[in-house]
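These protein sequence lines map, in sequence, to chains Y and X.
Reading the first sequence from the start, the letters are residues 1297 to 2184 in the working numbering.
Reading the second sequence from the start, the letters are residues 193 to 300 in the working numbering.
All C-beta atoms, glycine included, are put in the ideal place defined by N, C-alpha and C.
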Amino acid sequence: MPFVARARSVWRSWRHGRRLDAELDDELRAYIDLRVARRIAAGEPADAARRAELVAIGSVESIKTGVREVRMGRLLDETVRDVRQAWRGFLRSPSFSLTVLATLAIGVAANTAIFSVAYALLVQPLPFRDPDRLVFVWADQTTEGYPRAPLSGPELRDLDERATAFDGFAAIWATTTSLTGENEPEQLRIGLVTSDYFSLLGAEPLLGRTFRREDETSGPPATILLSAAVWQRRYGSDPGLVGRRIDVNGRPTIVIGVMPVGFRLMMPPDAAVPDDLEAWQLFNQRFTEGPRGQRYLRVVGRMRAEVPVSLAIDDVARVGREISAAHAFYGSAGRQFETVPLHVDAVRNVRLPLLVLSAGVATLLLIACLNVGSLFVARSAARASESAVRVAMGATAGRLLRQHLVEALVVAGAGTTLGVLLGDWGLSLLVRATPESLSRLRAATVNLPVVFVTAGTAIVWMSVLAVLPAALAARQAAASALADDRRYTGGRLRYRLRRALTVAQIALSVVLVVAAFLLVRTVQRVQQIDAGFHAAGILSFRLALPDGRYPTRDHFHAFSRQLQGALASVNGVSAAASISHAPYDHVPNWGGPYLIQEGEDRSRAPQADYRAVSPGAMELLGVRLIEGRWFTEDDDTRHQPVVIVDDRLARRAWPGASAVGRAVAVDPAVTGTPSTWATVVGVVAHVRHRSPVEEIREQVYFSARQAARNPSVYLVRSAADPSSLVGPVRDAIRALDPRLPIYDVRPLQIYVDEARALRAFTATLVGMFAAAALVLAAIGVYGVVAYSVTERRREFGVRVALGASSARVLRLVAGEGGWMVVRGLALGAAGAAIGAYWLRAQLVGVDPWDPITLVTTLVVLLSVSLLACAAPALRALRTDPSEVLREG
Amino acid sequence: MAAPLELVKGTLGLLILRTLELEPRHGVAIADRIEQITRGTFRVKAGSLFPALHRLEQDGAIVGEWILADGRRMKTYRLTAAGRRQLAAGTREWGRVVEAMRLVLEGE
């Protein structure tokens, strides 16, 4: 019976099975009715006849059960037999089984791990109430190089008062504070929030409560909400902590609650609000009155129920236009707000790398399934005579088909189970290796939807690929297989199928390998980019001076100077300095507009990043001075304000002329009005301190003795391993002030590594997938070529007997492999071109259609394929003509 | 007429096949026919008849169709080629069993 018709009948009988119950009812009813009718015809009264008949027949339900048991029992019997047979078959050929199992397990494991991550980040809803209704509101300052800028206090108030599509807006700003009192002093990363922040998100505390309007104060905050981490670490999970007073920034503060373990804000990385804040406090009651230009608030809005996002976007944009018109402050440029759904934005940065990884593993799984399918085809060839015998003995084609399916399911089941276990383990490794920028990934666990999708994919593929050869077997007349040599029973057809599967494998491998090469080259390029500073050999730590004990700027500067001196004289330290921000750290950016002429339109002024550096800091970092001089200890509050600018700013402000000695108006207090006029004393090469890849904004460097930031980062350079300095450095600080908390003690290089980590991470994983794909493709090529050489032994024997040269035989074998390889490579190159185009946003300094990459890939795959052909080719060469000819 | 006997295990299927050899029949007719041929020795109850019918149908020995019989729609079974083979093989087998039993029980 042709396969299609057979399949149709299998389908019919399955549906038939579902109908059977109803049909059985009809059948029994007809049976009883007929018998009753006969009794009536024989003269019995109708109701008595029916009663008698029902008594005679006994329980209708038990009859139905009997029939059902027959039906189920048969199916179960055969299935159990199939499973047992499949199992025995696999035990008989352990190498086949192990290959299949390992191949599948690798494919499924990679998929389970990566898809779990993708699920956790892209699909799983955010842990807030009705997260669909939450949006971020940014200020769009693209023209000034700041597309996603924060808002100011008055702007938050404007939104609250004027927007109509929202239930409300809340805001957060990340800063630090110190915990003192009972234990070691400790610096905390905290979020200052509006009192409705947690209620707006719909986040519930673990203990106590979140903030209320009554908690707002006109002075420093009187309450604090702790994270579970601090509560556990510092207070030993004390359940009685809520309601107690602790010392925060030198002031007694009431603990109102503790947030649950794993509570995360899910703010995007460029919001400068770290995911792992340790505590929250309230803004000052009057913060919305603060300068309109002081922009630091990250704003979240909750749309009213049933309000579409488009309407909310328009609503916020309208507020932007209204306040631009209402306040002369905004000048001619005005103020634009941008609204994005929280969920979309929270994954903005990781979406593409994740999709790349997901596509990579999905391809790998497909390759694995193709490989296993190809193995099954080979196996079905080896078992052609067995099948033929079974058909002759009365097994129907459907029965054979089912046996193949059961075999496939058994192996797919075992492979996917192993794969899921392996994937769970792999995920834990992955989570441990996760860079900071993907920190949300750490919440990922293997979950049911992922397992269903992955295992389902593997099982469906396996079923199709296992049944295909069986269907081919069914097409071949059973008789011919018995009568004839098995070489002629569907051999060519199977062979063609295997070749097709292998071609597909090679093609997919090309795509993966090209992607891996492109990503690895990107990582190399990124590493080669000159960041404008050197991090090697530098130890960094952060230090915050409590306002209480260092009340004035003079106290502050005096201490900084003293500490810098003390650090420099630590044994092994060659230089020490301080800077306001570490490169690529999570401290909120500091910056603002600058003017080069009195009376310029402030609203259209270009923006610059600000950094405060102590004398010696830039030299220590290896920044290149282009013109002018470095800061000295004399650039302090007793002297005129001075700045150093980067070459980009100098070029834009004074093209073709020297910048040294020029005046520039800046805004170190971030009031929105650049009114501090400073003299440029030096020009340095641009420092990539916020992105290792892009030059984000122009830069203005202040002397730390004139415009300091608290906390600041201290840097010490040493010829020795920087981490060996930790102890002596701590001692030096303790000698000056034993109650100072220092934190984030780490080599500066770590910041740099973390900034590159996401790219390196993606590249490493895709590289691993590509390597796995290469191995699988090689196995595929080897299998097909080896099989064909075995098939053609007679032909080779005859050729050798007739005097064919070794080269000629080799050419024949190579031709066998070459056919597949050439087609696979051609298809793969086309696929890679498409894939690379899709990948281009992930590439830096590498052309998506980089010819070197493509050629390298093709050469690698060609070599691997040829290697895979080598063993069978040698076997063909060693064919002993007399032996083969005798066999025939 | 002697009292009805228990069916020998595994023989009901063969009996059903035999009743269908000449013409398709529905369940009632099959039971009637068995009772009639065995002169009441075997009386087939619905509780054994229907499971047996469905087992045979699943084996492909018989096929059930809904047709009009005795003035009503009845599920009527007919023998397939496979059923015919099974009947022939079963009959041969049974002959050997009977012969063997006879040899044991009637031999000296």
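Sub-8 Å separation of residue i and residue j beta-carbons
i, j, result
"L1484 of chain Y", "T1472 of chain Y", "yes"
"V1245 of chain Y", "D1373 of chain Y", "This structure cannot speak to residue 1245 of chain Y, because chain Y is shown only from 1297 to 2184."
"Y1890 of chain Y", "V1966 of chain Y", "no"
"T1408 of chain Y", "V1747 of chain Y", "yes"
"A1459 of chain Y", "V1596 of chain Y", "no"
"Y1791 of chain Y", "S1358 of chain Y", "no"
"R2052 of chain Y", "T2175 of chain Y", "no"
"S1856 of chain Y", "A2000 of chain Y", "yes"
"V1657 of chain Y", "G2124 of chain Y", "no"
"F1424 of chain Y", "G1498 of chain Y", "yes"
"R1944 of chain Y", "H1982 of chain Y", "yes"
"G1978 of chain Y", "V1996 of chain Y", "no"
"T1713 of chain Y", "I1755 of chain Y", "no"
"D1492 of chain Y", "A1525 of chain Y", "no"
"A1913 of chain Y", "L2044 of chain Y", "no"
Own chain residues within Cβ distance below 6 Å of residue i, not counting five before or after
i, result
"W1434 of chain Y", "R1444, E1634"
"G1616 of chain Y", "R1631, Q1632, F1633"
"Q278 of chain X", "A253"
"G1403 of chain Y", "L1660, L1661, A1664"
Sequence-distant residues of the same chain with beta carbon closer than 8 Å to residue i, five excluded per side
i, result
"S2020 of chain Y", "G1868, S2014"
"V2142 of chain Y", "L1814, R1817, T1818, R1821, T2149"
"L245 of chain X", "I208, G219, I222, I254, G256, Y269"
"Y2078 of chain Y", "A2164, C2165, A2167, P2168"
Per DSSP, cross-strand counterpart(s) of residue i
i, result
"V2009 of chain Y", "Y:R1838, Y:I1875"
"A1470 of chain Y", "Y:G1487"
"P1548 of chain Y", "Y:D1543"
"H246 of chain X", "DSSP output for H246 of chain X lists no bridge partner at all."
"R264 of chain X", "X:A261"
"M1599 of chain Y", "Y:F1462"
"T1513 of chain Y", "Its beta-bridge partners do not exist; DSSP assigns none."
"G1888 of chain Y", "Y:A1904"
"P2043 of chain Y", "Y:L1835"
"G1997 of chain Y", "Looking at the sequence provided, one finds Tyr at residue 1997 of chain Y rather than Gly. DSSP output for Y1997 of chain Y lists Y:R1907, Y:I1940 as bridge partner(s)."
"F1432 of chain Y", "Y:V1596, Y:V1636"
"V1962 of chain Y", "Y:T1972"
"V1869 of chain Y", "Y:S2014"
Three-state class that DSSP yields for residue i in the structure shown
i, result
"D1905 of chain Y", "strand"
"L1561 of chain Y", "coil"
"H218 of chain X", "strand"
"E1585 of chain Y", "helix"
"Y269 of chain X", "strand"
"F1299 of chain Y", "Confidence at F1299 of chain Y is low in this model, with a pLDDT of 45, below 50, so the placement of that residue is unreliable and no value is reported for it."
"A253 of chain X", "coil"
"A2129 of chain Y", "helix"
"V1977 of chain Y", "strand"
"Q278 of chain X", "helix"
"G1669 of chain Y", "helix"
"F1579 of chain Y", "coil"
"G1924 of chain Y", "strand"
"V1554 of chain Y", "strand"
Beta-carbon proximity list for residue i, same chain, < 7 Å, skipping 5 on both sides
i, result
"R1600 of chain Y", "A1461, F1462, D1463"
"V1332 of chain Y", "A1345, R1346, E1349"
"A2137 of chain Y", "L1648"
"N1667 of chain Y", "T1399, Q1801, L2072, I2075, G2076"
"Y1846 of chain Y", "F1852, F1855"
"I1922 of chain Y", "D1943, V1979, V1980, A1981"
Any non-hydrogen atom of the ligand ADP within 7 Å of residue i CB
i, result
"G2141 of chain Y", "Among the components of this structure there are no ligands whatsoever, and the ligand ADP is therefore not found."
Check your understanding: Does the pairing of the region 2030-2047 of chain Y with the region 1828-1841 of chain Y give three or more beta-carbon distances under 8 Å?
Key -> yes
**Study point:** Stretch-stretch touch, CB-based, cutoff 8 Å, three pairs: the region 2024-2034 of chain Y with the region 1936-1947 of chain Y
**Key:** no
Review point. Are the region 1523-1535 of chain Y and the region 1581-1589 of chain Y touching by the rule of at least three beta carbon pairs closer than 8 Å?
Key: no
Check your understanding: Given 8 Å as the limit, is there contact between the region 1746-1765 of chain Y and the region 1397-1412 of chain Y, that is, 3 or more CB pairs closer than that?
Key -> yes
Practice item. Answer yes if the region 2144-2161 of chain Y comes into contact with the region 2106-2117 of chain Y, meaning at least three C-beta pairs across the two stretches below 8 Å, and no otherwise. Key: yes
Practice item. May I ask you to verify whether the region 1537-1552 of chain Y touches the region 1447-1456 of chain Y, counting CB pairs closer than 8 Å and requiring at least 3? Key: no
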